[in-house]
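Peer 1:
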Amino acid sequence: MHEFAFIFAGFFVGLVVGLTGVGGGSLMTPLLIFVFGVKPHLAIGTDLLFAAFTKMGGTVSLARARVIDWRIVGQTALGSIPASLVTLYFLQRLGPADPQTQSIMTTTLGLALLLTAASTFYKVCRGKTPPQHIAPELLAQATHARHWALPIIFGAVIGTLVTLTSVGAGAIGVIVLMLLYPALPLPRIVAADIAHAVPLTLVAGLGHASIGSVDWPLLLKLLAGSLPGIWLGTQLMRKTPDRAIRSLLSMLLAYAGVKLISI
(Lines of atoms letter the chains of each structure in order from A and count residues from 1; the text may use other names and numbers.)
(Lines give C-alpha, C1' and ligand atoms only; values in the text may rest on other atoms or scores of the structure.)
Protein backbone atom coordinates (compact mmCIF):
# COMPACT_ATOMS: atom_id res chain seq x y z
CA MET A 1 0.00 0.00 0.00
CA HIS A 2 2.88 2.35 0.81
CA GLU A 3 4.21 1.87 -2.74
CA PHE A 4 1.06 3.39 -4.26
CA ALA A 5 1.11 6.21 -1.69
CA PHE A 6 4.65 7.17 -2.73
CA ILE A 7 3.72 7.04 -6.42
CA PHE A 8 0.69 9.24 -5.73
CA ALA A 9 2.88 11.67 -3.75
CA GLY A 10 5.23 11.92 -6.74
CA PHE A 11 2.25 12.49 -9.04
CA PHE A 12 0.86 15.23 -6.77
CA VAL A 13 4.17 17.09 -6.52
CA GLY A 14 4.76 16.76 -10.26
CA LEU A 15 1.26 18.13 -10.92
CA VAL A 16 1.84 21.19 -8.69
CA VAL A 17 5.27 21.83 -10.25
CA GLY A 18 3.72 21.68 -13.71
CA LEU A 19 0.91 24.04 -12.67
CA THR A 20 2.95 26.65 -10.76
CA GLY A 21 6.65 26.16 -11.53
CA VAL A 22 7.44 26.04 -7.79
CA GLY A 23 10.37 23.71 -7.09
CA GLY A 24 9.47 20.16 -6.13
CA GLY A 25 11.82 20.22 -3.13
CA SER A 26 9.59 22.80 -1.45
CA LEU A 27 6.80 20.21 -1.41
CA MET A 28 8.39 16.77 -1.61
CA THR A 29 10.81 17.03 1.33
CA PRO A 30 8.23 18.18 3.96
CA LEU A 31 5.74 15.67 2.53
CA LEU A 32 8.20 12.81 3.02
CA ILE A 33 9.08 13.98 6.54
CA PHE A 34 5.59 14.76 7.90
CA VAL A 35 3.33 12.32 6.01
CA PHE A 36 5.59 9.30 5.54
CA GLY A 37 7.94 9.71 8.51
CA VAL A 38 11.12 9.58 6.40
CA LYS A 39 14.27 10.73 8.23
CA PRO A 40 15.21 14.31 7.21
CA HIS A 41 18.63 13.38 5.76
CA LEU A 42 17.07 10.59 3.63
CA ALA A 43 14.19 12.84 2.52
CA ILE A 44 16.61 15.61 1.45
CA GLY A 45 19.10 13.32 -0.32
CA THR A 46 16.38 11.38 -2.18
CA ASP A 47 14.58 14.57 -3.18
CA LEU A 48 17.78 16.06 -4.65
CA LEU A 49 18.12 13.23 -7.16
CA PHE A 50 14.35 13.32 -7.72
CA ALA A 51 14.72 16.99 -8.72
CA ALA A 52 17.75 16.32 -10.93
CA PHE A 53 16.04 13.60 -12.96
CA THR A 54 12.70 15.42 -13.31
CA LYS A 55 14.35 18.64 -14.50
CA MET A 56 16.67 16.97 -17.02
CA GLY A 57 13.84 16.47 -19.50
CA GLY A 58 12.74 20.08 -19.12
CA THR A 59 16.29 21.32 -19.71
CA VAL A 60 16.65 19.29 -22.91
CA SER A 61 13.36 20.70 -24.19
CA LEU A 62 14.35 24.28 -23.29
CA ALA A 63 17.79 23.86 -24.87
CA ARG A 64 16.20 22.72 -28.12
CA ALA A 65 13.99 25.81 -28.05
CA ARG A 66 17.15 27.93 -27.52
CA VAL A 67 15.76 29.87 -24.56
CA ILE A 68 18.52 28.99 -22.07
CA ASP A 69 21.13 31.69 -21.49
CA TRP A 70 24.18 29.56 -20.71
CA ARG A 71 26.21 32.57 -19.51
CA ILE A 72 23.82 32.92 -16.55
CA VAL A 73 23.84 29.17 -15.88
CA GLY A 74 27.65 29.10 -15.93
CA GLN A 75 28.10 32.10 -13.66
CA THR A 76 25.68 30.82 -11.01
CA ALA A 77 27.21 27.33 -11.22
CA LEU A 78 30.65 28.84 -10.51
CA GLY A 79 29.32 29.67 -7.05
CA SER A 80 26.81 26.87 -6.43
CA ILE A 81 28.83 23.75 -7.31
CA PRO A 82 31.88 24.55 -5.09
CA ALA A 83 29.54 25.63 -2.27
CA SER A 84 27.65 22.35 -2.61
CA LEU A 85 30.87 20.32 -2.42
CA VAL A 86 32.03 22.21 0.67
CA THR A 87 28.64 21.67 2.34
CA LEU A 88 28.78 17.95 1.51
CA TYR A 89 32.27 17.74 3.04
CA PHE A 90 31.01 19.15 6.35
CA LEU A 91 27.92 16.90 6.27
CA GLN A 92 30.18 13.88 5.83
CA ARG A 93 32.44 14.98 8.69
CA LEU A 94 29.50 15.62 11.03
CA GLY A 95 27.49 12.57 9.96
CA PRO A 96 24.12 13.13 8.24
CA ALA A 97 22.23 10.98 10.78
CA ASP A 98 23.74 12.76 13.80
CA PRO A 99 20.96 14.40 15.91
CA GLN A 100 22.70 17.79 15.84
CA THR A 101 23.10 17.61 12.05
CA GLN A 102 19.43 16.60 11.72
CA SER A 103 18.47 19.63 13.81
CA ILE A 104 20.52 21.96 11.60
CA MET A 105 18.95 20.46 8.46
CA THR A 106 15.36 20.72 9.70
CA THR A 107 15.79 24.29 10.97
CA THR A 108 17.45 25.40 7.72
CA LEU A 109 14.74 23.58 5.76
CA GLY A 110 12.07 25.44 7.73
CA LEU A 111 13.70 28.80 7.01
CA ALA A 112 14.06 27.88 3.31
CA LEU A 113 10.36 27.00 3.13
CA LEU A 114 9.43 30.34 4.71
CA LEU A 115 11.59 32.12 2.10
CA THR A 116 9.95 30.10 -0.66
CA ALA A 117 6.49 30.92 0.71
CA ALA A 118 7.37 34.62 0.80
CA SER A 119 8.77 34.60 -2.75
CA THR A 120 5.74 32.67 -4.05
CA PHE A 121 3.37 35.16 -2.41
CA TYR A 122 5.45 38.05 -3.77
CA LYS A 123 4.95 36.76 -7.30
CA VAL A 124 1.19 36.72 -6.65
CA CYS A 125 1.05 40.28 -5.29
CA ARG A 126 3.72 42.13 -7.29
CA GLY A 127 2.39 44.94 -9.41
CA LYS A 128 5.04 44.88 -12.11
CA THR A 129 4.91 42.10 -14.67
CA PRO A 130 8.29 40.98 -16.10
CA PRO A 131 8.76 41.29 -19.85
CA GLN A 132 7.84 38.25 -21.95
CA HIS A 133 9.93 39.13 -25.02
CA ILE A 134 13.10 41.05 -25.84
CA ALA A 135 14.65 42.34 -29.04
CA PRO A 136 17.59 40.15 -30.20
CA GLU A 137 20.01 43.11 -30.22
CA LEU A 138 19.25 43.77 -26.52
CA LEU A 139 19.62 40.17 -25.35
CA ALA A 140 23.40 40.21 -24.81
CA GLN A 141 23.18 43.26 -22.56
CA ALA A 142 20.21 41.81 -20.63
CA THR A 143 22.26 38.73 -19.64
CA HIS A 144 24.87 40.85 -17.84
CA ALA A 145 24.27 41.26 -14.11
CA ARG A 146 24.76 44.58 -12.34
CA HIS A 147 28.12 43.23 -11.12
CA TRP A 148 29.97 40.12 -12.33
CA ALA A 149 30.36 38.75 -8.78
CA LEU A 150 26.64 38.86 -7.88
CA PRO A 151 25.59 35.67 -9.76
CA ILE A 152 28.53 33.78 -8.21
CA ILE A 153 27.63 34.95 -4.69
CA PHE A 154 23.97 34.13 -5.31
CA GLY A 155 25.00 30.72 -6.66
CA ALA A 156 27.07 29.98 -3.54
CA VAL A 157 24.13 30.78 -1.25
CA ILE A 158 21.73 28.67 -3.32
CA GLY A 159 24.27 25.81 -3.54
CA THR A 160 24.61 25.68 0.24
CA LEU A 161 20.86 25.96 0.78
CA VAL A 162 19.96 23.30 -1.78
CA THR A 163 22.56 20.82 -0.46
CA LEU A 164 21.37 21.25 3.13
CA THR A 165 17.62 21.26 2.44
CA SER A 166 16.90 20.37 -1.25
CA VAL A 167 14.97 23.69 -1.35
CA GLY A 168 16.01 26.95 -2.98
CA ALA A 169 16.58 26.33 -6.69
CA GLY A 170 12.92 26.94 -7.56
CA ALA A 171 10.90 29.94 -6.42
CA ILE A 172 13.79 31.60 -4.56
CA GLY A 173 16.11 31.20 -7.55
CA VAL A 174 13.63 32.74 -9.96
CA ILE A 175 13.03 35.77 -7.72
CA VAL A 176 16.77 36.46 -7.31
CA LEU A 177 17.41 36.08 -11.05
CA MET A 178 14.60 38.54 -11.70
CA LEU A 179 16.41 41.06 -9.48
CA LEU A 180 19.82 40.37 -11.05
CA TYR A 181 18.55 40.47 -14.66
CA PRO A 182 15.52 42.83 -14.65
CA ALA A 183 15.51 43.29 -18.45
CA LEU A 184 15.50 39.55 -19.19
CA PRO A 185 12.12 38.02 -20.17
CA LEU A 186 10.54 35.74 -17.56
CA PRO A 187 10.61 32.59 -19.77
CA ARG A 188 14.41 32.94 -20.11
CA ILE A 189 14.80 33.49 -16.35
CA VAL A 190 12.79 30.32 -15.61
CA ALA A 191 14.77 28.41 -18.26
CA ALA A 192 18.12 29.48 -16.76
CA ASP A 193 16.90 28.55 -13.27
CA ILE A 194 15.82 25.06 -14.39
CA ALA A 195 19.04 24.45 -16.35
CA HIS A 196 21.18 25.53 -13.39
CA ALA A 197 19.21 23.29 -11.01
CA VAL A 198 20.14 20.11 -12.94
CA PRO A 199 23.93 20.02 -12.32
CA LEU A 200 23.50 21.46 -8.82
CA THR A 201 20.93 18.90 -7.63
CA LEU A 202 22.82 16.10 -9.42
CA VAL A 203 26.10 16.95 -7.67
CA ALA A 204 24.37 17.44 -4.31
CA GLY A 205 22.25 14.30 -4.75
CA LEU A 206 25.18 12.08 -5.71
CA GLY A 207 27.12 13.54 -2.78
CA HIS A 208 24.28 12.58 -0.44
CA ALA A 209 24.21 9.12 -2.04
CA SER A 210 27.93 8.68 -1.28
CA ILE A 211 27.26 9.24 2.45
CA GLY A 212 24.18 6.98 2.50
CA SER A 213 21.47 9.66 2.42
CA VAL A 214 19.48 8.39 -0.61
CA ASP A 215 16.68 5.79 -0.57
CA TRP A 216 16.89 4.37 -4.11
CA PRO A 217 13.66 2.29 -4.13
CA LEU A 218 11.78 5.33 -2.82
CA LEU A 219 13.31 7.50 -5.55
CA LEU A 220 12.05 5.17 -8.29
CA LYS A 221 8.50 5.22 -6.88
CA LEU A 222 8.46 9.02 -6.70
CA LEU A 223 9.72 9.34 -10.27
CA ALA A 224 7.07 6.88 -11.51
CA GLY A 225 4.41 9.29 -10.29
CA SER A 226 6.04 12.63 -10.96
CA LEU A 227 6.69 12.29 -14.70
CA PRO A 228 3.01 11.91 -15.70
CA GLY A 229 2.09 14.47 -13.02
CA ILE A 230 4.36 17.14 -14.53
CA TRP A 231 2.98 16.41 -18.01
CA LEU A 232 -0.62 16.82 -16.80
CA GLY A 233 0.23 19.96 -14.83
CA THR A 234 1.73 21.68 -17.85
CA GLN A 235 -1.39 20.80 -19.87
CA LEU A 236 -3.70 22.30 -17.23
CA MET A 237 -1.52 25.35 -16.54
CA ARG A 238 -3.41 27.73 -18.86
CA LYS A 239 -6.83 26.65 -17.57
CA THR A 240 -6.13 27.07 -13.85
CA PRO A 241 -6.30 30.32 -11.78
CA ASP A 242 -2.59 30.82 -11.09
CA ARG A 243 -3.01 33.43 -8.33
CA ALA A 244 -5.35 31.24 -6.26
CA ILE A 245 -3.06 28.20 -6.46
CA ARG A 246 0.09 30.18 -5.63
CA SER A 247 -1.63 31.89 -2.68
CA LEU A 248 -2.74 28.55 -1.23
CA LEU A 249 0.69 27.06 -1.90
CA SER A 250 2.48 29.90 -0.11
CA MET A 251 0.30 29.35 2.99
CA LEU A 252 1.02 25.60 2.99
CA LEU A 253 4.77 26.20 2.65
CA ALA A 254 4.73 28.77 5.45
CA TYR A 255 2.88 26.30 7.72
CA ALA A 256 5.40 23.54 6.95
CA GLY A 257 8.30 25.95 7.53
CA VAL A 258 7.02 27.03 10.95
CA LYS A 259 6.37 23.41 11.94
CA LEU A 260 9.89 22.33 10.96
CA ILE A 261 11.52 25.18 12.88
CA SER A 262 9.49 24.30 15.98
CA ILE A 263 10.64 20.64 15.97
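Residue numbers (our numbering): 861 to 1123.
Ideal Cβ positions, reconstructed from N, Cα and C, are used throughout, including at glycine.
Arginine 926 to leucine 954, Cα distance in whole Å?
Peer 2: If you take the alpha carbons of arginine 926 and leucine 954, they lie about 42 Å apart.
Peer 1: Could you give the distance in angstroms between the alpha-carbon of glycine 1013 and the alpha-carbon of glycine 939?
Peer 2: Strictly speaking, residue 1013 in this sequence is isoleucine, with glycine absent from that position. About 6 Å.
Peer 1: Over the uninterrupted alpha helix (DSSP H) stretch that includes alanine 1055, give me the two end residues.
Peer 2: Where alanine 1055 is concerned, the enclosing alpha helix (DSSP H) stretches over 1046–1070.
Peer 1: Hey, lysine 899 and alanine 957: beta-carbon distance below 9 Å or not?
Peer 2: Yes, they are a contact pair.
Peer 1: Should histidine 901 be labelled buried (16 or more other beta-carbon atoms within 10 Å of its own) or exposed?
Peer 2: By the 10 Å Cβ count, histidine 901 comes out buried.
Peer 1: DSSP on glycine 1028, reduced to helix/strand/coil?
Peer 2: Of the three classes helix, strand and coil, the one that applies to glycine 1028 here is coil, per DSSP.
Peer 1: Go ahead and label proline 1077 buried or exposed: buried means 16 or more other beta carbons lie within 10 angstroms of its beta carbon, across all protein chains shown.
Peer 2: It is exposed - the Cβ of proline 1077 has fewer than 16 other Cβ atoms within 10 Å.
Peer 1: Is the stretch 1077–1088 close to the stretch 905–914, with three or more CB pairs under 8 Å?
Peer 2: As far as the Cβ criterion goes, the stretch 1077–1088 touches the stretch 905–914, which means the pair count is three or higher.
Peer 1: Closest to isoleucine 932 by CA distance: which of Gly1033, Phe896 and Ser944 is it?
Peer 2: Closest by alpha carbon: Gly1033.
Peer 1: Is the Cβ-Cβ distance between leucine 1037 and alanine 1052 less than 9 Å?
Peer 2: A contact, by the Cβ cut-off of 9 Å.
Peer 1: Can threonine 1133 and methionine 965 be called in contact, C-beta distance under 9 Å?
Peer 2: In the structure as shown, the chain starts at 861 and stops at 1123, and residue 1133 therefore has no counterpart that could be examined.
Peer 1: Tyrosine 1115 by DSSP, collapsed to three states: which one?
Peer 2: Correct three-state label for tyrosine 1115: helix.
Peer 1: Under three-state DSSP, which class holds isoleucine 928?
Peer 2: DSSP places isoleucine 928 in coil when its eight states are reduced to three.
Peer 1: Considering only residues of the same chain and omitting the five flanking positions on each side of isoleucine 928, which have a CB-CB separation below 7 Å?
Peer 2: Counting only Cβ-Cβ distances below 7 Å, and skipping sequence neighbours, we find Leu922, Ala1051, Ala1052 and Ala1055.
Peer 1: Give the C-beta separation of leucine 951 and threonine 936 to the nearest angstrom, bearing in mind that I take them to be a contact with Cβ-Cβ under 8 Å.
Peer 2: With a Cβ gap of about 22 Å, leucine 951 and threonine 936 do not count as contacting.
Peer 1: Taking the alpha-carbon positions, what's the glycine 1067 to proline 1042 distance?
Peer 2: Distance between the alpha carbons of glycine 1067 and proline 1042 is about 34 Å.
Peer 1: Can the beta-carbon of leucine 974 be found closer than 9 Å to that of valine 877?
Peer 2: No, Cβ-Cβ distance for leucine 974 and valine 877 is not below 9 Å.
Peer 1: Specify the secondary structure class of arginine 953 as computed by DSSP and reduced to three states.
Peer 2: Note: arginine 953 maps to helix in three-state DSSP.
Peer 1: Apart from the five residues on each side of it in sequence, which residues of its chain come closer than 6 Å, Cβ to Cβ, to leucine 892?
Peer 2: Excluding residues within five positions, the ones whose Cβ falls inside 6 Å are Val898 and Ala903.
Peer 1: Taking Cβ to Cβ, would you say isoleucine 867 is nearer than 9 Å to proline 1059?
Peer 2: The answer is no: Cβ separation not under 9 Å.
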